[in-house]
Each structure stands twice: as C-alpha cells, then as structure tokens.
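Residues in the sequence shown are numbered from 382 upward in steps of one, following our numbering. Just so you know, even glycine gets a beta-carbon here, dropped at the ideal spot from N, CA and C. Bear in mind that the values here come from a model prediction, so they are computed numbers and not experimental data. Below is one structure, written out as structure tokens, with a few remarks after it.
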Amino acid sequence: MWSERMPGWGHGNMGPGQQQRMQRHWTYMNECVPAAYRGARSTIRATPEVIAEGQTLYTANCASCHGAEGLGDGEAGRSLVPSPALLRWFVQMPMSGDEYLLWAISEGGQRFGTEMPAFREALTEEEIWKIIAYMRAGFP
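Structure (structure tokens):
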C-alpha cells in the first residue's frame with residue numbers, strides 16, 4: 382500500500398543535476414563550512430556605493446550564469462547541469478549566512494560536481510562581500 386513513492390518525493394524526482402546542488406547544502410548542514418570560513422562575517426556596510434560596486438562585480442563575474450537578477454537564467458548557464466543557483470531567492474533563506482556565501486563564492490563547486498568556479502584567486506574577500514551586499518539588497 383505505501384510501497385510507492387509519493388510524487389515529488391525522493392531523489393528520483395529531482396531534476397538533472399539537483400543531487401549535486403544539494404550536496405553543498407547537505408555538507409553545510411552536517412559538517413558546517415570549512416574552518417577557514419567558519420564564523421566569517423561581512424566586513425563592509427551595505428551603503429549605496431558598496432551595493433553599486435557589488436552590482437558591477439556581480440555583472441562582470443556572476444551574471445553570465447546566474448542572470449542579471451539572480452534567477453539562474455544567464456546565457457552561459459543555460460546548458461549547465463545542475464543549473465545555476467537561484468540566488469535571488471536563496472540569499473533570503475536562513476541557510477545563506479555570511480560564512481556560507483563567502484565559502485560558496487570563494488571555493489566554487491568543483492568539490493560538489495558543479496561548474497561554479499572558485500573566485501578566491503580572482504576576487505578579493507572585500508569584493509566578494511560587495512557582491513553579497515548587492516545580492517542581499519535584492520539585485521537593485
């Protein structure tokens with residue numbers, strides 16, 4: 382009677398690549414972030430100037446995959462499996478704390494089988510915080 386799976390439940394009903402995306406979330410919930418990022422907090426205030434700088438950095442480094450408004454609809458991301466994260470919604474979730482976002486952007490997704498590049502060598506930590514400030518401001 383209950384041997385059948387309910388529609389929409391279980392890994393079998395996840396879209397292509399969704400298991401890879403969920404691995405980062407599982408790791409965070411079960412192991413936290415790596416020690417280098419544990420307890421990280423933004424070092425900048427989200428002033429209009431910082432948000433504008435964050436927009437410029439986001440446009441140059443993130444929008445091609447995640448889309449101009451963080452909806453995962455960037456041209457370069459259309460063929461990626463898993464598809465790029467829906468940042469516009471994700472940054473509003475409790476899980477997306479400072480340490481998580483700094484870790485995800487800095488280290489990328491190689492460990493989890495995604496195409497997200499690591500930005501720790503390309504961007505300074507301050508630049509990453511500016512991108513985070515821009516995203517948290519709602520992609521204005």
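Among the options, which has the Cα closest to the Cα of residue i?
i, options, result
"A416", "E488, F493, I513 and E496", "E488"
"P521", "A466, C413, R492 and V431", "V431"
"G497", "D479, L467, E434 and G420", "Gly is not the amino acid found at residue 497; the sequence shown has Met there. Per the Cα distances, L467."
"F471", "Y418, G519 and A421", "G519"
"Y418", "Y439, G455, A441 and R501", "R501"
"M447", "P465, I513 and Y515", "Note that residue 447 is His in the sequence shown here, rather than Met. H447 has its Cα closest to that of P465, out of P465, I513 and Y515."
"T495", "P463, S477, A449 and V414", "P463"
Since residue i is in the alpha helix (DSSP H), which residue starts that stretch and which ends it?
i, result
"F471", "L468 to F471"
"D479", "D479 to E488"
"P415", "Per DSSP, P415 belongs to no alpha helix (DSSP H) and is neither H nor E."
"C443", "Run containing C443: none; DSSP gives neither H nor E here."
"A514", "E506 to R517"
*Contact between the segment 499-508 and the segment 454-474: three or more CB pairs below 8 Å?*
no
*Count the C-beta pairs between the segment 470-485 and the segment 426-446 that are closer than 8 Å, then say yes if the count reaches three, no if not.*
no
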